[in-house]
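My numbering runs 17 ahead of the 1-based position in the sequence shown.
Yeah, the Cβ is synthetic: ideal placement off N, Cα and C, and Gly gets one too.
What follows is one structure encoded as structure tokens, with my remarks underneath.
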Amino acid sequence: MTSSSQLSDVLHVLLHMAEIDGPSTSEALAAAMGSHPVVLRRLMGGLRQSGMVESAKGHGGGWVLCCPLARITLRDVHEALGAPALVSLGFRETHPACLVAQVVNDSLGAAVQDAEARLLRSLDGVTLATLSEAFHQRRLAQGHAPHRLHEHHTP
């Protein structure tokens with residue numbers, strides 16, 4: 018089973034963007050995400066279509082946030098990414114006529130749907146402003162200097 022880190026990656030990038038006064042290049046944001054600029058631009062496309070970010074080409078260009086952090090929920094970001102599955106379980110599909118497989122799959126399917134619905138409600142209650150505030154509190158508690166994207170290091 019594979020899992021996607023797209024939501025986590027994009028939230029990471031958006032919070033970096035919130036700390037920067039001005040546009041951020043795809044290269045700088047991709048480095049913070051530990052990825053390639055093409056991957057970043059692909060992910061940011063959905064956010065652009067949702068009106069969360071915009072980009073400008075050329076010298077001095079880059080990505081900027083288009084609305085206040087308090088107006089963007091984690092669910093909004095999830096949906097802008099195409100609403101990928103939040104919960105993933107494998108289902109045995111080798112014998113679709115098997116009554117046991119049907120019962121197991123129906124039960125697991127219902128549990129996954131319930132978990133997805135609960136997660137979406139939770140994501141709907143958290144904004145980027147909430148995450149930004151938590152970041153600032155943590156940074157101050159640990160005595161860190163103001164955040165700078167170019168100082169970000171990925172493992």
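Ranked by Cα distance from residue 125, the first of 36, 106 and 70 is 106. By the criterion of at least three beta-carbon pairs nearer than 8 Å, the segment 31 to 47 is in contact with the segment 76 to 92. Note: residue 82 is bridge-paired with 70 in the DSSP secondary-structure output.
Under the criterion of beta carbons closer than 8 Å, residue 104 and residue 129 qualify as touching, at roughly 5 Å. Beta-bridge analysis with DSSP links residue 90 to 144.
DSSP, read as helix, strand or coil, puts residue 22 in coil. In the structure shown, the three-state DSSP call for residue 52 is coil.
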